[in-house]
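>
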Amino acid sequence: MEFKEVCLGDSSLFNIDIGRRITKKELHNKSKGKYPIYSANLLNENFGWTDNLLPMDFSLDYVLWVIDGIWMTRYIPSNTYFFPTDHCGFLTCKNKKINLKYIAIKLYDIGLQQGFSHSYRASKDNIRNLNISIPVDNDGNFDIQKQNEIAMRYNIVDNIKSVLNSYFLVLNNSTIIFNKQDCSYKTIKLDEIIDFSKSKTNNSSFTKKFVFNNSGDIPVYGASQYSDIPSYGYVKDNIEGIKYFENCLTWNIDGSIGCFYRKGRFSLSEKVKPIFLKQEYINRIDLNYLSFKLVEKAVEIGFSRFYKPQISNLKEIEISFPVDNSGEFDKEKQMQIASKYININKKRSFIIDNLTRIIKSHIVIN
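Quick note on our numbering: the sequence shown kicks off at 15 and runs consecutively.
#1: Going by DSSP in three states, F130 sits in which element: helix, strand or coil?
#2: Can you list, in chain order, the residues of its chain whose CB lies under 8 Å from that of L68, leaving out five sequence neighbours each side?
#3: Report, in whole angstroms, the separation of the C-beta atoms of L78 and N29, which I expect to be a contact under 8 Å.
#4: Using CA atoms only, rank isn't needed, just tell me which of F259, E254, I267 and N152 is closest to Q324.
#5: Assess, as a yes-or-no matter, whether the stretch 232–240 is touched by the stretch 273–283 under the definition of 3 or more beta carbon pairs within less than 8 Å.
#6: Does the structure place the stretch 336–353 close enough to the stretch 362–380 that three or more beta carbon pairs sit under 8 Å?
#7: Ignore the nearest five residues each way along the sequence and tell me which others in C262's own chain have a CB closer than 8 Å to its CB.
#8: With the cut-off set at 8 Å, would you say D75 and I90 are in Cβ contact?
#9: For E330 and Y246, what's the separation of their Cα atoms in angstroms?
#10: For S326 and L183, I'd like the C-alpha separation in whole angstroms.
#11: Do R88 and A118 have their C-beta atoms within less than 8 Å of each other?
#12: Can N93 and S73 be called in contact, C-beta distance under 8 Å?
#13: Beta-carbon within less than 7 Å of R298's beta-carbon, same chain only, minus the 5 sequence neighbours each way: which residues are those?
#14: For T106, which residues does DSSP report across the bridge?
#15: From N143 to K108, what distance separates their C-alpha atoms?
#16: Do K111 and I36 have their C-beta atoms closer together than 8 Å?
#17: Would you decide whether G129 is buried or exposed? Buried here means 16 or more other CB atoms lie within 10 Å of its CB.
#18: Whole angstroms is fine: what's the gap from G125's alpha carbon to W85's?
#19: Enumerate, from N- to C-terminal direction, the unbroken beta strand (DSSP E) stretches of 3 or more residues contained entirely within the stretch 19–95.
#20: Over what stretch of residues does the beta strand (DSSP E) that includes D205 continue unbroken?
#21: Tell me the rounded alpha-carbon separation between K285 and N162.
#22: For Q127, count the other beta carbons within 10 Å of its own beta carbon; 16 or more makes it buried, fewer makes it exposed. Which is it?
#23: For a quick check, are the C-beta atoms of Y49 and C102 less than 8 Å apart?
#24: According to DSSP, simplified to helix, strand and coil, what is V249?
#25: DSSP state of R298, grouped into three classes?
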């Protein structure tokens, strides 16, 4: 296959411009606005809606690109009305034998190679300086059929990734629940086994910026769904006024639902509370078992970022524990059940990690 290299700055082929800043008066929700607004996230129309349009020829196809954010491009077919802000650029083509869907795909490839981002802006000048290779026929004319074929191959890959992403979302948002094992159980309120007087965490001044400015070796966990990712970074040890914890459960009171048994020394954001067993239960309850059962209860009750699980809610939660023939807590059985949760979570994490690699991978097709 032969290709011809064209420059996006060639005014005989392309028109390039950027959008306009939108005012608060022009910004509406979907019920009030007619036209979607595209800004620094081209995958969604969630920036807002408007009743206004820029003086653009909507009988043409368009390619949009992000100027100063995570690099993206988007193809917009003709007769589709939209409003581009000054955070995205747009181009049209004067040659009907150039497929802008193909141009959008190849511009994305080149933008990745260039490293366009928040810091390296995809300005009009930077876009104008880019060259794109377009298939040509034996006579040297742009081959619209070949462009369509290549665009279709990309579309097949995107569709496969979309299916995989649906599997990813199901796995990532699912909660593992085991039916009760073949043994006796005893139900008890958390208030009876947890010393909630110790569930005090850092205040709102303990921010990511503070952690960054006091960088050290101690992991700081925020209200993430991932137990092993210190989303606030690493902070110095023994800073006056900062609370540190060791070998205990943590409970997200905002953000993603999560209860984790974390070992070693760490610190927590204001959105995460430590949970400590009362002294008389330390050797009778397995913390991994308790963490999994608490997540089950959170799902059952419907805790979320909108219905936040505060300490007052936790106190009334009832947890069932395996007991032995004498009615005492069976810690060995708890550990056996917890190990099943751990093994399945490891397998699920392995699948999620591999799905993520595939979904985020970028394939160049010619």
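Note that CB positions come from ideal geometry on N, CA and C, so glycine has one too. Predicted model, so just to flag it, every value in this text is computed and none were measured.
Per the coordinate set shown:
#1: DSSP places F130 in the coil class of the three-state scheme, outside both helix and strand.
#2: Apart from sequence neighbours up to five positions away, the residues of its chain that approach L68 with a beta-carbon distance below 8 Å are G33, R34, F97 and P98, ordered along the chain.
#3: Wrong, their Cβ atoms sit about 13 Å apart, outside the cutoff.
#4: Selection F259, E254, I267 and N152 evaluated against Q324 yields I267 as nearest (Cα-Cα).
#5: Counting Cβ pairs under 8 Å, three or more are found: they touch.
#6: Fewer than three Cβ pairs drawn from the stretch 362–380 and the stretch 336–353 lie within less than 8 Å of each other, which leaves the two stretches out of contact.
#7: In chain order, Y275, R276, P288, I289, F290 and L301 place their CB closer than 8 Å to the CB of C262, counting only its own chain and leaving out the 5 sequence neighbours on each side.
#8: Cβ atoms of D75 and I90: closer than 8 Å.
#9: Between the alpha carbons of E330 and Y246 lies a distance of about 30 Å.
#10: Going by the C-alpha atoms only, they are around 31 Å apart.
#11: Yes, these two residues count as a Cβ contact at 8 Å.
#12: In contact: N93 and S73 (Cβ atoms closer than 8 Å).
#13: For R298, where only same-chain residues beyond five positions count, the Cβ hits under 7 Å are F343 and K345.
#14: Per DSSP, the beta-bridge partners of T106 are N29.
#15: Between N143 and K108, the C-alpha separation is close to 18 Å.
#16: Against a cut-off of 8 Å, the Cβ pair of I36 and K111 comes out as no contact.
#17: Exposed, because fewer than 16 other Cβ atoms sit within 10 Å of the Cβ of G129.
#18: About 7 Å.
#19: Those beta strand (DSSP E) runs which fall completely within the stretch 19–95 and span 3+ residues are 28–32, 49–52, 76–80 and 87–90.
#20: Segment L204 to I207 is the alpha helix (DSSP H) holding D205; no beta strand (DSSP E) there.
#21: So the alpha carbons of these two residues sit roughly 50 Å apart.
#22: Answer is exposed; the Cβ neighbour count stays below 16.
#23: Not in contact: Y49 and C102 (Cβ atoms no closer than 8 Å).
#24: DSSP places V249 within a strand segment (E or B) once states are collapsed to three.
#25: In this structure, R298 counts as coil in the three-state DSSP scheme.
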